[in-house]
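Colleague:
Residue numbers (the working numbering): 297 to 560.
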């Protein structure tokens, strides 16, 4: 490997797990990384679930994870708001994961009835998002509020196919207002940079491991990380052989377990 890797950010679904089961061999691989004192974190565009829920889910799969090793697009959005708008009044639309993350940053959260006071609108996947939500978010932005969103994912897989993810709801507000949000989840540089800050590792000593070119590898490229594509999820071997020129991974592996061969 070209770099001395001291910290790794792993995608979850399709990378270390599929659904509610760890990919075979991954628990042992993670244990070996700990033995070698290589720091790592798990990064997901999930913004509805809390880090406690996700850490517990990973642990129950046989991949012991501490809460502070789990990063979601909600956590990154909340930390971005704290960094850019520490004293602003926030109008938020999202599930438990986003609301908890914003609360942890001690931000000034408004009730929806106070929408005209908003200085920043923050959006994730809100299970209760409706026409009235669209109106409130749009009016706040028309009134001058900045617009920050967790991620633009279009859909998520479920047992009988797919359901809309966060992206379509954010697109609705963006279309209505004519204002594109600052998107902080993968593949934005905010995700990669925030993960490295959490790991306390400089980008030149960091790596991202994931199964999607347009999310994981794209994020790694803009954040200056070593990029590793694994073929256990959303990218076929054929797609991996012919990626877009700006999304060529530094390393392609059959699965996460082969990573150990390339680490000192």
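Don't be surprised by glycine CBs; every beta carbon is placed ideally from N, CA and C.
1) How long is the line joining the alpha carbons of residue 310 and residue 531, rounded to whole angstroms?
2) Report the partner residues of residue 314 according to the DSSP bridge assignment.
3) By the 10 Å Cβ neighbour count, where 16 or more other Cβ atoms means buried, how is residue 431 classified, buried or exposed?
4) Excluding the 5 residues flanking residue 479 on each side, which residues of the same chain have their C-beta closer than 7 angstroms to its C-beta?
5) Quick check: residue 301 and residue 549, are their CB atoms within less than 9 angstroms of each other?
6) Quick one: grab the DSSP three-state call for residue 368.
7) Would you call the segment 367 to 383 and the segment 317 to 328 in contact, with 3 or more CB pairs under 8 angstroms?
8) Is the segment 456 to 474 close to the segment 490 to 509, with three or more CB pairs under 8 angstroms?
9) If distances are taken between C-alpha atoms only, which option among 366, 513, 474, 419 comes closest to residue 545?
10) In chain order, which continuous runs of the alpha helix (DSSP H) of length 4 or greater are located wholly inside the segment 369 to 425?
11) Just how far apart, CA to CA, sit residue 436 and residue 476?
12) Run through the DSSP bridge pairs and tell me what residue 460 is partnered with.
13) Tell me which same chain residues have a C-beta within less than 6 angstroms of the C-beta of residue 370, skipping the five on either side of it?
14) Just the Cα atoms here: how many angstroms apart are residue 415 and residue 385?
15) Closer than 7 angstroms by C-beta to residue 439: which residues in its own chain qualify, once you throw out the five before and the five after it? Chain order, please.
16) Where does the unbroken beta strand (DSSP E) through residue 335 begin, and where does it stop?
17) According to the Cβ coordinates, are residue 308 and residue 340 closer than 9 angstroms?
18) Going by C-alpha distance, which of 337, 362, 368 is nearest residue 346?
19) Determine the closest residue to residue 382 out of 400, 426, 538, with distance taken between C-alpha atoms.
20) Using DSSP with H/G/I as helix, E/B as strand and the rest coil, what is residue 246?
21) Please find out if some non-hydrogen atom of the ligand ATP comes closer than 8 angstroms to the beta-carbon of residue 484.
22) Residue 543 to residue 517, Cα distance in whole Å?
23) Does the separation of the CB atoms of residue 495 and residue 336 fall below 9 angstroms?
24) Give the secondary structure of residue 432 by DSSP, where H, G and I count as helix, E and B as strand, and everything else as coil.
25) Looking at residue 303 and residue 515, is the spacing between their C-beta atoms short of 9 angstroms?
Modeller: Quick answer:
1) In the chain shown, residue 310 corresponds to position 14, counting from 1. In the chain shown, residue 531 corresponds to position 235, counting from 1. Residue 310 and residue 531: Cα-Cα distance of roughly 9 angstroms.
2) Stepping through the chain shown from its first residue, residue 314 is reached at position 18. Partner(s): 317.
3) Stepping through the chain shown from its first residue, residue 431 is reached at position 135. That one is exposed.
4) Translated into the one-based positions of the chain shown, residue 479 becomes position 183. So the list reads 445, 447, 448, once near-sequence residues are dropped.
5) Translated into positions along the chain shown, residue 301 becomes position 5. Translated into positions along the chain shown, residue 549 becomes position 253. Not in contact: residue 301 and residue 549 (Cβ atoms no closer than 9 angstroms).
6) Along the chain shown, one-based indexing puts residue 368 at 72. In the structure shown, residue 368 sits in a strand (DSSP, three-state: E or B).
7) They do not touch, by the three-pair rule.
8) no
9) Start at 1 with the first residue of the chain shown, and residue 545 comes out as number 249. The option with the nearest alpha carbon to residue 545 is 513.
10) Qualifying alpha helix (DSSP H) stretches, in chain order: 369 to 380, 392 to 400.
11) Here residue 436 corresponds to residue number 140 of the chain shown, with the count starting at 1. Here residue 476 corresponds to residue number 180 of the chain shown, with the count starting at 1. Rounded to the nearest angstrom, the two C-alpha atoms are 14 angstroms apart.
12) On the chain shown, residue 460 is found 164 positions in, with the first residue counted as 1. Residue 460 pairs with 451.
13) The residue you call residue 370 lines up with position 74 of the chain shown. The residues are 343, 393, 394, 397, 420, 446.
14) Here residue 415 corresponds to residue number 119 of the chain shown, with the count starting at 1. Here residue 385 corresponds to residue number 89 of the chain shown, with the count starting at 1. Linking residue 415 to residue 385 through their CA atoms gives a straight-line distance of about 5 angstroms.
15) The sequence position of residue 439 within the chain shown is 143, counting from 1. Answer for residue 439: 412, listed in chain order.
16) Within the chain shown, residue 335 is the residue found at index 39, counting from 1. Residues 335 to 340.
17) Counted from its first residue, the chain shown places residue 308 at position 12. Counted from its first residue, the chain shown places residue 340 at position 44. In contact: residue 308 and residue 340 (Cβ atoms closer than 9 angstroms).
18) On the chain shown, position 50 is the one that residue 346 refers to. Checked all of 337, 362, 368; the closest Cα to residue 346 is 368.
19) Reading the chain shown from its first residue, position 86 is the one you call residue 382. Cα-wise, what sits closest to residue 382 is 400.
20) In this structure the chain extends from 297 to 560, so residue 246 is not present and cannot be described.
21) No copy of the ligand ATP occurs in the structure displayed, which carries no ligand at all.
22) Taking the first residue of the chain shown as 1, we reach residue 543 at position 247. Taking the first residue of the chain shown as 1, we reach residue 517 at position 221. Going by the C-alpha atoms only, they are around 7 angstroms apart.
23) The count along the chain shown starts at 1 and reaches residue 495 at position 199. The count along the chain shown starts at 1 and reaches residue 336 at position 40. It is a contact, given that the beta carbons lie within the stated cut-off.
24) For this step, residue 432 is matched to residue 136 along the chain shown. DSSP places residue 432 in helix when its eight states are reduced to three.
25) Taking the first residue of the chain shown as position 1, residue 515 is located at position 219. Taking the first residue of the chain shown as position 1, residue 303 is located at position 7. Against a cut-off of 9 angstroms, the Cβ pair of residue 303 and residue 515 comes out as no contact.
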